[in-house]
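S.K.:
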Amino acid sequence: MKEILKVENIQKYYGNKDNITKAIDDISFTVEKGEFIGIMGASGSGKTTLLNCISTIDNVSAGHIYLENEDITEIKEKDIAKFRREKLGFIFQDFNLLDTLTIEENIALTLTINQKNANEIDKKVEQISEKLGIKEILKKYPYQVSGGQKQRCACARAIVSEPSIILADEPTGALDSKSANDLLNLMEEMNKQMGATILMVTHDTFSASYCDRIIFIKDGKIFNEAVKGEKTRKQFYNEILDVLALLGGDVRDVR
Amino acid sequence: MLEMLGKLSLRNAKRQAKDYIIYFITIVISVALIFSFNSIAFSKDIQELSEMMKYFNTSIVVVSVIVVLVIAWLVNYTMKFMLEKRSKEFGTYQILGIEKKDISNIFILENVFIGITALLVGIAVGTLLYQLLTSVIMNIFNQPYKIQIDFNLNAVGLTVVYFGAIFLVALINNRRKIRKTKIHDLLYAEKQNENQLVKKSKGNVIIFCISIILFIIALALTKHTFRDGNTISGNLVLIAIITLIIGIYLFYISISSFIIKRYLENKNRKYQKNNMFIFRNLTSKINTMSVTMGTLAVIFTIVIIGCDVAMLMNGMLNNEIDMGYTYEIMISSLDGDFSRYKEYIEKNAKVKEMYEYRTYYVPETGIIAGLTGSAFEGGKWYSEDDVMKLSDYNKLREILGYENVTLQDDEIIVQCISTVQKNFEKYIEENNTLTINNKQFKIKEVRGEDFAQSSGFNSYIYMIAVTDEVLEQLNCTEVGEEEAYDFPYKLVVQTEEPTNEEFYEDLRALIPTEEIPKVEEIDGEEYEYSYERNLANVKTRGKRMSESKSFYTIISFLAFYIALVFSITSATILAIQQLSDSEKYKYRYQLLKKLGVEDSKLNKMIFKQLFIYFALPMLIPVIISIPATLFIGNIFLVGITIEEILLNIAVVLGLIFIVYGIYFIATVVQFERNINEEMRG
Numbered sequence: 001m002k003e004i005l006k007v008e009n010i011q012k013y014y015g016n017k018d019n020i021t022k023a024i025d026d027i028s029f030t031v032e033k034g035e036f037i038g039i040m041g042a043s044g045s046g047k048t049t050l051l052n053c054i055s056t057i058d059n060v061s062a063g064h065i066y067l068e069n070e071d072i073t074e075i076k077e078k079d080i081a082k083f084r085r086e087k088l089g090f091i092f093q094d095f096n097l098l099d100t101l102t103i104e105e106n107i108a109l110t111l112t113i114n115q116k117n118a119n120e121i122d123k124k125v126e127q128i129s130e131k132l133g134i135k136e137i138l139k140k141y142p143y144q145v146s147g148g149q150k151q152r153c154a155c156a157r158a159i160v161s162e163p164s165i166i167l168a169d170e171p172t173g174a175l176d177s178k179s180a181n182d183l184l185n186l187m188e189e190m191n192k193q194m195g196a197t198i199l200m201v202t203h204d205t206f207s208a209s210y211c212d213r214i215i216f217i218k219d220g221k222i223f224n225e226a227v228k229g230e231k232t233r234k235q236f237y238n239e240i241l242d243v244l245a246l247l248g249g250d251v252r253d254v255r
Numbered sequence: 256m257l258e259m260l261g262k263l264s265l266r267n268a269k270r271q272a273k274d275y276i277i278y279f280i281t282i283v284i285s286v287a288l289i290f291s292f293n294s295i296a297f298s299k300d301i302q303e304l305s306e307m308m309k310y311f312n313t314s315i316v317v318v319s320v321i322v323v324l325v326i327a328w329l330v331n332y333t334m335k336f337m338l339e340k341r342s343k344e345f346g347t348y349q350i351l352g353i354e355k356k357d358i359s360n361i362f363i364l365e366n367v368f369i370g371i372t373a374l375l376v377g378i379a380v381g382t383l384l385y386q387l388l389t390s391v392i393m394n395i396f397n398q399p400y401k402i403q404i405d406f407n408l409n410a411v412g413l414t415v416v417y418f419g420a421i422f423l424v425a426l427i428n429n430r431r432k433i434r435k436t437k438i439h440d441l442l443y444a445e446k447q448n449e450n451q452l453v454k455k456s457k458g459n460v461i462i463f464c465i466s467i468i469l470f471i472i473a474l475a476l477t478k479h480t481f482r483d484g485n486t487i488s489g490n491l492v493l494i495a496i497i498t499l500i501i502g503i504y505l506f507y508i509s510i511s512s513f514i515i516k517r518y519l520e521n522k523n524r525k526y527q528k529n530n531m532f533i534f535r536n537l538t539s540k541i542n543t544m545s546v547t548m549g550t551l552a553v554i555f556t557i558v559i560i561g562c563d564v565a566m567l568m569n570g571m572l573n574n575e576i577d578m579g580y581t582y583e584i585m586i587s588s589l590d591g592d593f594s595r596y597k598e599y600i601e602k603n604a605k606v607k608e609m610y611e612y613r614t615y616y617v618p619e620t621g622i623i624a625g626l627t628g629s630a631f632e633g634g635k636w637y638s639e640d641d642v643m644k645l646s647d648y649n650k651l652r653e654i655l656g657y658e659n660v661t662l663q664d665d666e667i668i669v670q671c672i673s674t675v676q677k678n679f680e681k682y683i684e685e686n687n688t689l690t691i692n693n694k695q696f697k698i699k700e701v702r703g704e705d706f707a708q709s710s711g712f713n714s715y716i717y718m719i720a721v722t723d724e725v726l727e728q729l730n731c732t733e734v735g736e737e738e739a740y741d742f743p744y745k746l747v748v749q750t751e752e753p754t755n756e757e758f759y760e761d762l763r764a765l766i767p768t769e770e771i772p773k774v775e776e777i778d779g780e781e782y783e784y785s786y787e788r789n790l791a792n793v794k795t796r797g798k799r800m801s802e803s804k805s806f807y808t809i810i811s812f813l814a815f816y817i818a819l820v821f822s823i824t825s826a827t828i829l830a831i832q833q834l835s836d837s838e839k840y841k842y843r844y845q846l847l848k849k850l851g852v853e854d855s856k857l858n859k860m861i862f863k864q865l866f867i868y869f870a871l872p873m874l875i876p877v878i879i880s881i882p883a884t885l886f887i888g889n890i891f892l893v894g895i896t897i898e899e900i901l902l903n904i905a906v907v908l909g910l911i912f913i914v915y916g917i918y919f920i921a922t923v924v925q926f927e928r929n930i931n932e933e934m935r936g
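Protein chains in written order, with our numbering: chain X, 1 to 255; chain W, 256 to 936.
#1: Is residue 628 of chain W helix, strand or coil by DSSP?
#2: Under 8 angstroms, do residue 319 of chain W and residue 292 of chain W count as touching if we go by C-beta distance?
#3: Closer than 8 angstroms, Cβ to any Cβ of chain W: which residues of the region 164-182 of chain X, in chain order?
#4: What is the rounded straight-line gap between the Cα of residue 283 of chain W and the Cα of residue 825 of chain W?
#5: Identify the contact partners of residue 108 of chain X in chain W, using a Cβ-Cβ distance below 8 angstroms as the criterion.
#6: Could you run through the region 848-867 of chain W and flag, in chain order, every residue whose CB is less than 7 angstroms away from some CB of chain X?
#7: Quick one: grab the DSSP three-state call for residue 127 of chain X.
#8: What does DSSP give as the partner residue(s) for residue 748 of chain W in the beta ladder?
#9: Nearest-angstrom Cα distance between residue 364 of chain W and residue 555 of chain W?
#10: Since residue 241 of chain X is in the alpha helix (DSSP H), which residue starts that stretch and which ends it?
#11: Among residues of its own chain, excluding the 5 on either side of residue 163 of chain X, which ones have a beta-carbon nearer than 7 angstroms to its beta-carbon?
#12: Buried or exposed: which applies to residue 194 of chain X, given that a residue is buried once 16 or more other Cβ atoms fall within 10 Å of its Cβ?
#13: Where do the ends of the alpha helix (DSSP H) carrying residue 796 of chain W lie?
#14: If you count every other CB in all the chains shown that lies within 10 Å of the CB of residue 251 of chain X, and 16 or more means buried, which is it?
#15: Determine the direct distance from the alpha carbon of residue 790 of chain W to that of residue 774 of chain W, and round the result to whole angstroms.
#16: Whole-angstrom Cβ separation of residue 746 of chain W and residue 692 of chain W, contact assumed at under 8 angstroms?
#17: Straight-line CA distance for residue 845 of chain W to residue 834 of chain W?
#18: Excluding sequence positions up to five away, which residues of its chain have a Cβ less than 8 angstroms from the Cβ of residue 654 of chain W?
#19: Please state whether the Cβ-Cβ distance between residue 510 of chain W and residue 541 of chain W is less than 8 angstroms.
#20: Is the beta carbon of residue 662 of chain W closer than 8 angstroms to that of residue 602 of chain W?
#21: Counting only the same chain and skipping the five closest in sequence on each side, list residues whose C-beta sits under 6 angstroms from that of residue 644 of chain W.
#22: Of the residues W/286, W/797, W/604, which one's Cα is nearest the Cα of residue 819 of chain W?
#23: To the nearest angstrom, report how far apart residue 467 of chain W and residue 530 of chain W are at their CA atoms.
#24: Going by DSSP, name the residue or residues bridged to residue 885 of chain W.
#25: Quick one, which residues of the region 535-560 of chain W are near chain X if we go by CB-CB under 8 angstroms, in chain order?
#26: As an exercise, report each continuous alpha helix (DSSP H) stretch of at least 4 residues that is fully enclosed by the region 451-507 of chain W, in chain order.
#27: In chain order, what are the residue ranges of uninterrupted alpha helix (DSSP H) at least 4 long that sit wholly in the region 269-345 of chain W?
#28: Look up residue 768 of chain W in the DSSP assignment and give the residues it is bridged to.
#29: What in chain W is Cβ-close to residue 96 of chain X, meaning under 7 angstroms?
#30: Near residue 612 of chain W, what residues of its chain come up, given a Cβ to Cβ distance below 6 angstroms and the 5 sequence neighbours on each side ignored?
#31: Could you name the residues of chain X that residue 523 of chain W contacts, counting a contact when the two beta carbons are closer than 9 angstroms?
#32: Using 8 angstroms as the threshold, is the region 868-875 of chain W in touch with the region 836-853 of chain W, meaning 3 or more CB pairs across them?
#33: Since residue 884 of chain W and residue 563 of chain W are thought to touch, with beta carbons under 8 angstroms apart, how far apart are those beta carbons, to the nearest angstrom?
#34: Tell me which residue opens and which closes the alpha helix (DSSP H) that residue 671 of chain W is part of.
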């Protein structure tokens with residue numbers, strides 16, 4: 001399979017030279033096209049910092065990150081925004097839908113930023129909304145639709161511009177278990193049927209069990225890796241729990 | 256408890272001062288304006304400048320009442336707004352068990368603190384402003400002025416009373432609001448304005464069209480009623496104003512639907528650049544504050560047109576001096592005996608030139624047709640035309656430094672005011688002969704130099720000059736048929752130095768009068784009475800100048816006062832609205848940034864959004880006021896040209912734009928700072 005993301009010996013330091021905090025301490029891994037990969041770790045383990053580095057919101061202190069063979073740590077400041085809007089898709093914890101825009105416009109937002117022409121935008125929005133089953137609510141506003149529909153809208157927005165990789169930061173963090181379940185199924189669908197590559201950061205075992213592969217991080221280092229392979233989700237879930245037990249006491253949200 | 260409350264309140268007030276710095280500055284500016292203008296109103300030096308300046312203080316007091324009402328509205332509005340913005344905070348206090356009474360006390364303490372601070376700073380600034388304004392006024396009247404710090408206690412007292420009342424009313428109003436609202440409403444107040452987002456836009460498009468039609472009707476009525484000076488109807492003006500106001504409100508209620516229709520229902524336009532994002536931001540906001548926007552627009556329209564008209568009157572009076580008061584002293588009398596005036600003038604002024612002459616009257620010659628196409632067209636002005644000897648005409652021209660003219664016995668010259676010269680010239684191209692008392696004349700030329708005319712001294716609009724010999728042969732009427740305001744025997748004097756008001760009063764006192772008995776029948780009973788008629792008339796340029804300067808000062812200062820207060824008030828409301836919403840916008844713009852919009856583009860979008868937002872309430876007033884002023888200005892065309900009217904409009908708009916622009920820039924800077932602040936953090 002084709003390699004999409006390659007993280008190479010990255011480090012991230014905070015603080016001054018007398019008092020250095022290593023948020024990321026030499027992490028390397030690769031993500032292949034069409035993979036659904038999870039990053040797990042306790043609060044403060046550095047997983048969000050890692051995501052921020054990949055999403056170019058934060059800079060690395062050392063090391064390289066390649067997305068489709070392009071070194072994103074070398075991208076010039078003025079090109080970063082362009083890179084982000086063309087190559088990355090985001091699913092946020094609180095969906096980040098704009099109240100002032102209709103569902104349709106929210107989905108079209110990234111495309112308008114990319115200056116696509118109107119017909120193309122229209123066609124893509126229609127296609128994606130049909131796939132995600134939100135075609136009926138396109139003209140409504142976010143506060144007029146249910147939480148589940150908002151999730152679908154957020155996912156549609158992330159995938160509509162056909163990014164190289166979709167980054168999800170604790171997407172189920174604010175959801176009840178039913179909604180979380182729906183969202184994860186949706187992400188799985190995007191991954192399996194639409195071929196989207198997804199990198200999800202989570203501390204929730206249930207969410208993680210949907211991934212193909214999980215990288216565990218502790219104190220800024222890769223602690224372990226778990227691959228789903230042919231296992232059922234139930235088996236994979238238990239395996240994750242075992243790793244978490246090894247990880248240590250500060251992971252407590254074991255279901 | 257109370258001490259803690261005080262501390263909490265002080266800290267809140269401080270934090271608020273940062274958020275509402277623009278509001279604070281506006282209050283300071285308005286205190287400074289009210290204080291300095293009231294200081295002027297109470298200033299003896301200024302009242303003594305001229306006879307007419309006594310009206311200045313009365314008009315300041317009247318205008319101050321309007322200004323106080325406007326500022327009261329601003330304070331009340333802002334307070335209500337702050338209350339809504341902080342409703343979550345107050346709701347939390349209530350949940351924590353703090354009594355409503357104590358919470359409203361916190362709010363009152365804060366506002367009293369802000370108010371008193373603004374009052375003190377404002378009075379300090381106002382003292383400086385007063386010095387500045389006084390020196391400007393003194394300069395207009397060519398009076399020496401040395402800066403002196405006099406602190407007018409009356410003005411201080413009045414300013415404190417004004418602002419005390421403003422804040423008291425606003426506080427009582429808002430305190431009631433706090434005590435009445437339930438915790439739930441406080442906690443969820445922020446979410447409330449979202450509900451109006453969705454509106455059926457079809458009805459609104461119709462409303463939008465109706466508003467445009469109302470504008471056209473209002474303008475048509477204005478044009479109709481101001482077509483000349485005689486047809487102005489108070490009722491029509493009132494109807495026009497009401498139509499305009501309704502139109503403006505309807506416009507702002509429906510504008511967002513129009514924007515949606517124009518920019519958001521057309522896919523190509525919608526997906527172009529950032530239209531979608533910006534116009535959705537705008538329409539959601541405009542929807543919730545259409546009434547406020549409408550009010551601002553109504554205020555602006557009235558202020559702009561009012562200022563324009565005031566400036567027009569001003570310009571007309573100034574032009575009238577140049578056209579009508581070409582000689583320093585102009586006296587006309589019935590009997591031609593000027594000895595008593597001459598005696599006084601020679602004693603009290605250095606005479607440069609003095610000339611006596613007389614004018615004659617002939618029955619209407621038909622030359623009045625030359626006014627076709629001018630502002631005077633269609634008026635029946637005289638039943639006689641004024642005629643003058645060529646020798647007198649040339650002498651009078653010589654005094655003014657104009658070249659001599661020559662005439663044959665069968666020729667005449669028409670001397671008219673400059674604003675109708677072109678109309679006459681056009682007229683004589685086709686009709687260059689004239690019959691006076693059965694004698695044919697050729698019109699040699701039309702002269703339009705300033706010739707003491709629009710004042711009525713050498714007739715109002717035009718007069719005729721013929722050779723001395725011919726004049727003897729014409730059967731001229733001795734005295735005009737109508738009771739003339741200016742008499743046939745005339746004396747003009749040029750002096751070395753301008754005369755003053757006192758000089759004028761003294762000359763006037765020399766005018767002889769006669770008793771004229773009159774009998775009038777009222778309700779079948781006859782009443783006998785008599786009135787005094789002056790047998791001469793005195794005009795001096797000095798007196799007229801002094802009046803004009805006073806008028807100029809009063810008009811321009813008051814216009815400046817009102818325009819400034821209204822502009823800062825409106826700009827403040829818009830700025831506060833946008834800045835306090837920057838929390839909401841921060842989230843939206845931040846999302847765009849995450850999705851990959853460059854900083855420079857983001858700032859451009861912010862600028863565009865705020866620009867449209869600030870421009871919107873100005874749009875209609877500017878568009879409406881220009882034609883409206885031109886239509887109203889029609890009646891001023893006597894002494895003022897269209898170019899001058901347009902210049903006046905430009906000055907008024909320019910002034911408002913500058914003040915408004917400063918607030919706009921401050922808002923943009925603060926807004927960008929707010930948005931970018933959290934992104935770095």
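Just so it is clear, CB atoms sit at the ideal spot from N, CA and C, and this is done for glycine as well. All values reported here derive from a predicted model rather than from experimental measurement.
M.R.: Let's see:
#1: Here residue 628 of chain W is taken as the residue at index 373 of the second sequence, counted from 1. Residue state, collapsed to three classes: coil.
#2: Start at 1 with the first residue of the second sequence, and residue 319 of chain W comes out as number 64. Start at 1 with the first residue of the second sequence, and residue 292 of chain W comes out as number 37. Yes, Cβ-Cβ distance for residue 319 of chain W and residue 292 of chain W is below 8 angstroms.
#3: none
#4: By 1-based counting over the second sequence, the position of residue 283 of chain W is 28. By 1-based counting over the second sequence, the position of residue 825 of chain W is 570. Computed Cα separation, rounded: 15 angstroms.
#5: What you label residue 108 of chain X is simply residue 108 of the first sequence in a count that begins at 1. Neighbours of residue 108 of chain X on chain W, chain order: 526, 531.
#6: 849, 850, 851, 852, 853
#7: Counted from its first residue, the first sequence places residue 127 of chain X at position 127. Helix.
#8: Position 493 of the second sequence, counted from the start, is the residue given in the question as residue 748 of chain W. Beta-bridge pairing links residue 748 of chain W to W/584, W/609.
#9: Reading the second sequence from its first residue, position 109 is the one you call residue 364 of chain W. Reading the second sequence from its first residue, position 300 is the one you call residue 555 of chain W. Rounded to whole angstroms, residue 364 of chain W to residue 555 of chain W spans 34 angstroms at the Cα level.
#10: Position 241 of the first sequence, counting from 1, holds the residue named residue 241 of chain X. 233-247 is the extent of the alpha helix (DSSP H) around residue 241 of chain X.
#11: Sequence index remark: in the first sequence, residue 163 of chain X carries index 163 (1-based). If we look at residue 163 of chain X and ignore the five residues flanking it on each side, its Cβ neighbours are 87, 88, 89.
#12: Within the first sequence, the letter at position 194 stands for residue 194 of chain X. Exposed, because fewer than 16 other Cβ atoms sit within 10 Å of the Cβ of residue 194 of chain X.
#13: Along the second sequence, one-based indexing puts residue 796 of chain W at 541. Here the alpha helix (DSSP H) through residue 796 of chain W covers 796-835.
#14: Looking up residue 251 of chain X in the first sequence gives position 251. Note that residue 251 of chain X scores a pLDDT of 47, beneath 50, so its modelled location is shaky; the value from the coordinates is reported in the next line. By the neighbour-count rule (16 or more Cβ atoms within 10 Å), residue 251 of chain X is buried.
#15: In the second sequence, residue 774 of chain W corresponds to position 519, counting from 1. In the second sequence, residue 790 of chain W corresponds to position 535, counting from 1. For residue 774 of chain W and residue 790 of chain W, the distance between alpha carbons rounds to 21 angstroms.
#16: As a working mapping, residue 746 of chain W is identified with position 491 in the second sequence. As a working mapping, residue 692 of chain W is identified with position 437 in the second sequence. Between residue 692 of chain W and residue 746 of chain W the Cβ distance is about 28 angstroms, and since that is not below 8 angstroms, they are no contact.
#17: Walking along the second sequence from the start, residue 845 of chain W turns up at place 590. Walking along the second sequence from the start, residue 834 of chain W turns up at place 579. Using only the alpha carbons, I get a separation of about 16 angstroms.
#18: What you label residue 654 of chain W is simply residue 399 of the second sequence in a count that begins at 1. Same-chain partners within the cutoff: 582, 608, 610, 747, 749.
#19: As a first step, residue 510 of chain W is located in the second sequence; it is residue number 255 there, counting from the start. As a first step, residue 541 of chain W is located in the second sequence; it is residue number 286 there, counting from the start. Yes.
#20: If you number the second sequence from 1, residue 602 of chain W lands on position 347. If you number the second sequence from 1, residue 662 of chain W lands on position 407. No. Outside cutoff.
#21: Counted from its first residue, the second sequence places residue 644 of chain W at position 389. Correct list, in chain order: 723, 726.
#22: Here residue 819 of chain W is taken as the residue at index 564 of the second sequence, counted from 1. Measuring from the Cα of residue 819 of chain W, the nearest candidate turns out to be W/286.
#23: Taking the first residue of the second sequence as 1, we reach residue 467 of chain W at position 212. Taking the first residue of the second sequence as 1, we reach residue 530 of chain W at position 275. Rounded to whole angstroms, residue 467 of chain W to residue 530 of chain W spans 24 angstroms at the Cα level.
#24: Counted from its first residue, the second sequence places residue 885 of chain W at position 630. None; residue 885 of chain W has no bridge partner.
#25: 535, 536, 538, 539
#26: 456-480
#27: 276-297, 299-302, 309-340
#28: Within the second sequence, the letter at position 513 stands for residue 768 of chain W. DSSP output for residue 768 of chain W lists W/789 as bridge partner(s).
#29: Start at 1 with the first residue of the first sequence, and residue 96 of chain X comes out as number 96. Correct list: 846.
#30: Taking the first residue of the second sequence as position 1, residue 612 of chain W is located at position 357. Cβ within range, chain order: 647, 745.
#31: Numbered from 1 along the second sequence, position 268 holds the residue referred to as residue 523 of chain W. In chain order: 117, 118, 119.
#32: no
#33: By 1-based counting over the second sequence, the position of residue 884 of chain W is 629. By 1-based counting over the second sequence, the position of residue 563 of chain W is 308. Right, their Cβ atoms sit about 4 angstroms apart.
#34: Start at 1 with the first residue of the second sequence, and residue 671 of chain W comes out as number 416. It is not in any alpha helix (DSSP H) - residue 671 of chain W instead sits in the beta strand (DSSP E) that spans 666-671.
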